[in-house]
Amino acid sequence: DGGITQSPKYLFRKEGQNVTLSCEQNLNHDAMYWYRQDPGQGLRLIYYSQIVNDFQKGDIAEGYSVSREKKESFPLTVTSAQKNPTAFYLCASSQNAAETQYFGPGTRLLVL
Amino acid sequence: KQEVTQIPAALSVPEGENLVLNCSFTDSAIYNLQWFRQDPGKGLTSLLLIQSSQREQTSGRLNASLDKSSGRSTLYIAASQPGDSATYLCAVANSGGYQKVTFGTGTKLQVIP
Numbered sequence: 140d141g142g143i144t145q146s147p148k149y150l151f152r153k154e155g156q157n158v159t160l161s162c163e164q165n166l167n168h169d170a171m172y173w174y175r176q177d178p179g180q181g182l183r184l185i186y187y188s189q190i191v192n193d194f195q196k197g198d199i200a201e202g203y204s205v206s207r208e209k210k211e212s213f214p215l216t217v218t219s220a221q222k223n224p225t226a227f228y229l230c231a232s233s234q235n236a237a238e239t240q241y242f243g244p245g246t247r248l249l250v251l
Numbered sequence: 004k005q006e007v008t009q010i011p012a013a014l015s016v017p018e019g020e021n022l023v024l025n026c027s028f029t030d031s032a033i034y035n036l037q038w039f040r041q042d043p044g045k046g047l048t049s050l051l052l053i054q055s056s057q058r059e060q061t062s063g064r065l066n067a068s069l070d071k072s073s074g075r076s077t078l079y080i081a082a083s084q085p086g087d088s089a090t091y092l093c094a095v096a097n098s099g100g101y102q103k104v105t106f107g108t109g110t111k112l113q114v115i116p
């Protein structure tokens, strides 16, 4: 089956801890994205990558970091600098920046 | 800066009704507009994509229209079913080197059996 997978489904973060959210796609897409979704707000772009070894900050990149070492993988690290990390995180990919984005099932991050 | 608004925020209709969801955007220099469906606690599923040169797209009971000049799109759902209950999101991609996508906050639809 082709698609996008995210893991874990739920993630708990302790104070001062860095945590990494996984996103993998087997659609052979060049572009990948990370969004954050909060109740009552639209999706907000954290980071995007249009090609391997290249990524750009989105609207709310502070406190987050990413890497794109492989075409199929785009992990997101929520650092201790992100003071309000509780949210639903969605990863997406597309053939290129102009085409339909396909979304993963999401990871819900909670703070202990 | 592009702003995308969806009204109403929530809608409840009896099964079988035809309904219209609205999406408005402030910057008409768009590349495309897309409608998504999101079930509770899940990711987004693409429903329809309308390119800026198109006026409408249809898929089954769904029809989406686009009026760039007025900054509006509508999603028409015919003969609604309880399985249509979900949140519907509108997303606008702006023209430019990178087609930045701006999402609306969604309309939560409940279809009552």
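Chain order of the listed sequences is P and X.
The first sequence begins at 140 in the working numbering and counts up by one.
The second sequence begins at 4 in the working numbering and counts up by one.
Glycine included, every Cβ here is placed at the ideal spot set by N, Cα and C.
Problem - Residue-level contact to chain X via CB, Phe-194/P, 8 Å cutoff - result: no
Practice task
For Gln-221/P, I'd like the list of residues in its chain whose CB is within less than 7 Å of its CB, leaving aside the five on either flank, ordered along the chain.
Solution key: Gly-202, Tyr-203
Handout entry: Spatial neighbours of Gln-156/P in its chain, beta-carbon cut-off 8 Å, leaving aside the 5 residues before and after
Key = Ser-219
Exercise for the section: Output, in sequence order along the chain, the residues in the stretch 18–38 of chain X whose CB is closer than 9 Å to any CB in chain P. Expected result: If the cut-off is 9 Å between Cβ atoms, the stretch 18–38 of chain X has Tyr-34, Asn-35, Gln-37 near chain P.
Problem - Reduced DSSP secondary structure (H/G/I, E/B, other) of Leu-42/X - result: A quick correction: the sequence has Asp, not Leu, at residue 42/X. Reduced to three states, the DSSP call for Asp-42/X is coil.
Exercise for the section: Name the one or two DSSP bridge partners that Ser-232/P has. Expected result: Met-171/P, Tyr-241/P
Handout entry: Rounded separation between Tyr-91/X and His-168/P - CA only
Key = Rounded to whole angstroms, Tyr-91/X to His-168/P spans 25 Å at the Cα level.
Problem - chain X contacts made by the stretch 228–251 of chain P, where a contact means CB separation under 8 Å - result: For the stretch 228–251 of chain P, which is checked against every Cβ of chain X, the residues closer than 8 Å are Leu-229, Ala-231, Ala-236, Ala-237, Thr-239, Gln-240, Tyr-241, Phe-242, Gly-243, Pro-244, Gly-245, Arg-247.
Practice task
Below 8 Å on the Cβ atoms is my guess for Lys-103/X versus Ala-12/X; work out the distance and round it to an integer in Å.
Solution key: Not really, about 24 Å apart at Cβ, beyond 8 Å.
Exercise for the section: Pick helix, strand or coil for Pro-224/P, following the three-state DSSP scheme. Expected result: DSSP places Pro-224/P in coil when its eight states are reduced to three.
Exercise for the section: Taking only beta-carbon positions, decide if Gly-179/P is within less than 8 Å of chain X. Expected result: yes
Exercise for the section: Give the DSSP-derived three-state secondary structure of Asp-87/X in the structure shown. Expected result: helix
Exercise for the section: Would you kindly check if the distance between the Cβ of Leu-160/P and the Cβ of Thr-225/P is under 8 Å? Expected result: no
Handout entry: Given Leu-36/X as reference, the closest of Ser-15/X, Pro-116/X, Thr-77/X, Asp-42/X once Cα atoms are compared
Key = Thr-77/X
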